[in-house]
Amino acid sequence: QVLLVESGGGLVQPGGSLRLSCAASKNIFSINFMGWYRQAPGKQRELVASITSDNSTNYSHSVKGRFTISRDSAKNTVYLRMNSLKPEDTAVYFCNAFTGISEYWGQGTQVTVSP
């Protein structure tokens, strides 16, 4: 069992920045895949960024160049740095972990980009 707790969401103006954190209840060093998803009202949940156990990263086209995913195994935490935020980035952001056997989700954190 892995518990994931997101934090760092909030209200920000267009062009602003936020850093989301996902704290895991166990060592993330060996977790194969960790990712950030988001879900806007009326839309499907989509993968925004991911990082594997060998620190390989991947981003959706809509956030590439603006968002950066990273992991700190010593703190059992995965981060999502979001720069140049746009109103269309408004969504609930969820942390996800896949161990190769089981999948886990956090409760989500709201990000609202508005003037």
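15 is the number of the first residue of the sequence shown in our numbering; add one for each residue after it. All residues carry an ideal CB built from backbone N, CA and C; glycine is no exception. Please read these numbers as outputs of a predicted model, since none were measured by experiment.
**Request:** Would you mind stating whether residue 62 and residue 77 have Cβ atoms separated by less than 7 Å?
**Result:** A Cβ-Cβ contact shorter than 7 Å links residue 62 with residue 77.
**Asked** Does the separation of the CB atoms of residue 72 and residue 84 fall below 7 Å?
**Response** Taking 7 Å as the Cβ cut-off, residue 72 and residue 84 do not qualify as a contacting pair.
**Message:** Tell me the DSSP secondary structure of residue 86 in three-state form.
**Reply:** Judged by DSSP in its simplified three-state form, residue 86 adopts strand.
**Message:** Nearest by alpha-carbon distance to residue 108: which of 25, 121, 15 and 82 is it?
**Reply:** The shortest C-alpha separation from residue 108 is found at 121.
**Request:** Report all residues from its chain with a CB closer than 6 Å to the CB of residue 99; omit the five preceding and five following residues, and keep chain order.
**Result:** Cβ within range, chain order: 26, 30 and 127.
**Prompt:** If you count every other CB in all the chains shown that lies within 10 Å of the CB of residue 49, and 16 or more means buried, which is it?
**Reply:** Buried, since its Cβ has 16 or more Cβ neighbours within 10 Å.
**Request:** Quick one: residues in its chain with C-beta nearer than 8 Å to the C-beta of residue 41, no 5 flanking neighbours on either side, listed in chain order?
**Result:** Once the five neighbours on either side are set aside, the close Cβ partners of residue 41 are 87 and 90.
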